[in-house]
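Chains as they are written, first to last, in the working numbering: chain A, 4 to 800; chain B, 120 to 214. Just so it is clear, CB atoms sit at the ideal spot from N, CA and C, and this is done for glycine as well. Quick caveat: nothing in here was measured; it's all calculated off a predicted structure.
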Amino acid sequence: MSTCCDTTPDRSPTSTLTLALAGNPNSGKTTIFNALTGLRQKVANYPGVTVEKKTGRCHLPATGTDPARWASIIDLPGTYSLISRSPDERVAMEVLRGLRADTPAPDAVIVVVDASNLQRNLYLVSQLIELGRPMIVALNMMDVAARRGLDVSPELLSKELGVPVIPVIGHKREGIDQLKAAIANARVAPLPDFPLPREFKDELLTVGTGLAKLDSGEAASTAASSGANKDVPLGIAVPPRAWICTDDRSRHLDRYQAIAERLLIGDTASDLSAVAARDPVSSLLASSRSRLATLGIEPMQADIEAHYRWIETVSSRVTIPLDELAAMGNPAGPGDVLHYESPKRRHLTDRVDAVLIHKVWGLVIFGLIMATIFVTIFWLAKPIMDGLQEGIKALGLLVTGHLGDGPIKDLLKDGIFAGVGAVVVFVPQIAILFFFLSVLEDSGYLARAAFLMDRLLAKVGLHGKSFIPLLSSFACAIPGIMATRTIEDRKSRLATILIAPFMSCSARLPVYTLLIGTFFVTAGAFAQAGIMLALYALGIVAAAGTAWIFKRSLLRGPTPAFILELPTYKVPQATQVARQVFNNTWSFLAKAGTTIFCLSIILWAMTYYPRLPVAQANNVAKVAVDRASEDYRQRLIAQGDGEAAPDEKQIADKAVGAEQIRHSIAGRIGHFMEPALRPLGYDWKMGVGLVGAFAAREVFVSTMGIIYSVGDPGEETADLSKAMRADVRDGKPVWTPLVAVSLLVWFVLAMQCMSTLAIVRRETGGWGWPIFMLVYMNALAYVVALGVYQIGRIWFV
Amino acid sequence: MQKACDFAGCNHSGSVDSCGLNKLSIGCSGCVVSVGGDPEIRRRLLEMGFCNGASVEVIRRAPLGDPIEFRLRGYSLSLREEQARHVTVAPNAIG
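This is the structure in structure tokens:
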């Protein structure tokens, strides 16, 4: 036996063992990963793709031949197959084949198999067998299978597959120690004789021979010229299975036949795509395909069918219906027979589903659950968020209290502490939303929610799973966009991210309230509520419209099949939920938080610099104080006494504050933008407000307060309303109801939230999409606000 | 209207020999005859087990009419109507 045929993982104690954890979605893979690695986990991204890379370390106990050691475990994305084009499956396949430079090739593969869904799970196993890496099977959910009246025998399955099969119950941590101990016994499974049609096998021989011929011919010519690729004349970087152990007689396909099969069924990973495209090879394949077509054989289908035939045989050999066991007088039987229900009775999941996805009750319960989530993140998170911000503000005052006035103090107080506040303010909503999401996902309800809502969202090209992210975006787009992680289909996920900011978030509410309250006072409460509702509706319409357009333009192309598994209901595990909440909150703080922090310091600097010259500041203060005391004197004469004298310092501060912002970069940008904003009805002050709103939309209100010298209004906006209504320029009021409407439309549609941009960058893996979002949303906002203002002017004047 | 299977609750019309999976009524089941559609969708459906004459049962439709939940090979999954129609089944009368 040659050294290349060592079928067990490297035994040398110095080497680190790399294991890959593979399995179908919903097979309980994550639970097993958590059980194996505990808290020793790292979450990152595979470079170049938005697929999450989870790795962890696991301590393996000493076994007969091996000392105790550490292994690093790569948790591959959950996949049904290793051939498909989806980024998740591509990454899984590339890691398993050792084609990714960023990830070491695994020494062995642990594949998680859901015993209650044996056949479909074995399909992935059958592909892993072909891959030829040492393998071990973790047979999960035996308890669920038993409840469904099936007993899967690990011993028999092990015999069929030729690799160790360890029964585990992931969520109870049962069998995890046995799994760790068995890793040393992982071995390459013997390749089964998949029952391919005879004609297909003949064709593999033909194509394989052809490839071999090409290979030797090319080898002679290229070896002379370059000397490179001497051993891999076809340019195949990674050996297909048959290459690993050429002297193993049980592996009946020789390497060229193995390559021929992969090429014919379209399994062209990065190691083969160049080969497939090369001319003699591509024509060889084309003629072979047409010969097969005349026989009515389609290689891909023939391959999958052959795999499933083998699976059907294996599963019938290893599965024992518990009814039969009982009939054989063995009521105790193997497995978890205590929970056994006759398969004739509907099992629990079916009975629960009869209510939860019922035509009427299903929708009612769905509505109640969504209402609970929404109320919680919209209102219950508010006091926590306010408390956090106040706490950080107080801390900032405490720290900077003993510092003298000056830029250092202002940077600390209004830049750094406010920046930290701008980041942590999102934490309560993110934590709460991910608490609900992981409870819903782990229990199995999330898939049902998608099932219920899919029809509605499919109309505009979205996915049933887009519903919760979009709903959450009414509270805040940040947690909403993070929640799109539950959408597997990339295009639907991207479309959902791109439209999520159209949902009117809670940061827009203060702006809506201020503008509606100031300029539609006479309209009455009913009309005011109507305007508010119209603004929300406008956002939804814009979202639906743009989603529809994106799915037909930017994100066009074949949509991957909508396949939604409805997993068995389970009670969520508290530790899993806590881990999800922690991981997601932490990933926000670490990845998006830093960007938000930096941007908020830049924004602070834009309103802070350049400083107003001291002489000018003193002058402004003096003028304001003089005018205020003159006003006070006049009023005193008119009304008699009783009114307190105005606070001179406060008036001076407010006036200087207004002059400072006018003088700052933000103020200059406002002035600079004015020509562009005039057609929308805005003046430079609103321009400054829009710049400030980038920190968070509600900052618009406080910026306006500073500009109109009424100070930060907080909840009390009466003074600001008065000042805004009184603002006159060239004899005409600056603000009219039409200007307010135009500005409201702008606020509904525009992308002016740096935190959203930061999170989109984090979730899409680059600045491209956030910049696109900034441009398209603001262009749309500009055009619509322009239309509203210009048409409105014709209408009303 | 011609009934395509013997199941009492089934009232779908179409060929008796075979029909699209989306045409099957709730509670009916059929055997997979063929799978169409573009290669990616076809591959996915085959890989999910819609092959070798597997028996597929229609469990329910979503309250809004789409998607449809099916059971095959001992597990349930749901497909949109537009995908289910790519799967041709020969109805059988298991019910």
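Judged by DSSP in its simplified three-state form, B:Ile187 adopts strand. An exposed status is given to A:His62, since fewer than 16 other beta-carbon atoms sit within 10 Å of its beta-carbon. Counting of Cβ neighbours within 10 angstroms places A:Phe799 among the exposed residues, the total staying below 16.
Around the beta carbon of A:Val574, fewer than 16 other beta carbons sit within 10 angstroms, so the residue counts as exposed. One alpha carbon belongs to B:Arg192, the other to A:Thr578, and they sit about 32 angstroms apart.
The beta carbon of A:Ile654 sits closer than 7 angstroms to those of Ala627, Val628 and Ala631, all from its chain and outside the five residues before and after it, given in chain order.
Per DSSP, the beta bridge partners of A:Ile77 are A:Ala23 and A:Thr58. Residue pairing of A:Thr322 in beta bridges, as defined by DSSP: A:Val155.
Chain B places a beta carbon closer than 7 angstroms to that of A:Ile307, counting this residue as a contact. In the structure shown, B:Gly149 adopts extended strand secondary structure according to DSSP, grouped into three states. Cβ proximity to chain B below 7 angstroms picks out Phe454, Leu455, Asp457, Arg458, Leu459 and Ala461 from the segment 450–470 of chain A. When C-beta distances to chain B are compared with 7 angstroms, the residues of the segment 556–587 of chain A below that value are Pro561, Pro563, Ala564, Phe565, Ile566, Leu567, Glu568 and Leu569, in chain order. At least 7 angstroms separates the beta-carbon of A:Ala510 from that of A:Ser603. Interface criterion not met: the Cβ of A:Arg488 is under 7 angstroms from no Cβ in chain B. DSSP places B:Cys138 within a strand segment (E or B) once states are collapsed to three. Following the DSSP letters along the chain, one finds A:Glu651 inside the alpha helix (DSSP H) bounded by residues Glu651 to His666. Against A:Asn120, the close residues of chain B are Arg192, Gly193 and Tyr194, in the order they occur along the chain (beta-carbon pairs closer than 9 angstroms).
For A:Ser84, the closest Cβ of chain B is nearer than 7 angstroms.
For secondary structure counted as the beta strand (DSSP E) over 3 or more consecutive residues, the segment 539–595 of chain A holds these complete runs in sequence order: 566–568. Of all alpha-carbon atoms in A:Arg201, A:Ala215 and A:Ile262, the one lying nearest the alpha-carbon of A:Leu298 is that of A:Arg201. By the C-beta criterion, the segment 452–472 of chain A is judged not to be in contact with the segment 516–529 of chain A, since fewer than 3 inter-stretch pairs fall below 8 angstroms. Judged by DSSP secondary structure, A:Leu99 falls outside any beta strand (DSSP E) and instead within the alpha helix (DSSP H) spanning Pro90 to Arg100. For B:Ile187, the nearest beta carbon of chain A is not closer than 7 angstroms to its own beta carbon.
In this structure, A:Asp91 sits near A:Pro80, with a CB-CB distance shorter than 7 angstroms.
Between A:Thr66 and A:Lys45, the C-beta spacing is not below 7 angstroms.
In this model, A:Trp687 and A:Ser667 are separated by some 13 angstroms (Cα to Cα). Within the segment 295–323 of chain A, the residues whose Cβ lies closer than 8 angstroms to some Cβ of chain B are Met303, Gln304, Ile307, Glu308, Tyr311, Arg312 and Glu315, listed in chain order.
Within its own chain, the residues whose Cβ lies closer than 8 angstroms to the Cβ of A:Asp715, once the five positions on either side in sequence are excluded, are Ser705, Gly708 and Ile709, listed in chain order.
In the structure shown, the three-state DSSP call for A:Lys385 is helix. Counting C-beta atoms within 10 angstroms of its own C-beta, A:Trp770 has fewer than 16 neighbours from the protein chains shown and is therefore classed as exposed. The beta carbon of A:Lys385 sits closer than 8 angstroms to those of Ser509, all from its chain and outside the five residues before and after it, given in chain order. Under the Cβ criterion of 7 angstroms, A:Leu22 is not counted among the residues facing chain B. With contacts defined by Cβ atoms closer than 7 angstroms, A:Ile481 and A:Ala503 do not form a contacting pair. Residue environment analysis places B:Gln202 among the buried positions, since at least 16 neighbouring C-beta atoms fall within 10 angstroms of its C-beta. Here A:Phe703 is buried: its Cβ has 16 or more other Cβ atoms, across all protein chains shown, within 10 Å.
Pairwise C-beta distances place the segment 31–46 of chain A out of contact with the segment 125–135 of chain A, as fewer than three of them are shorter than 8 angstroms.
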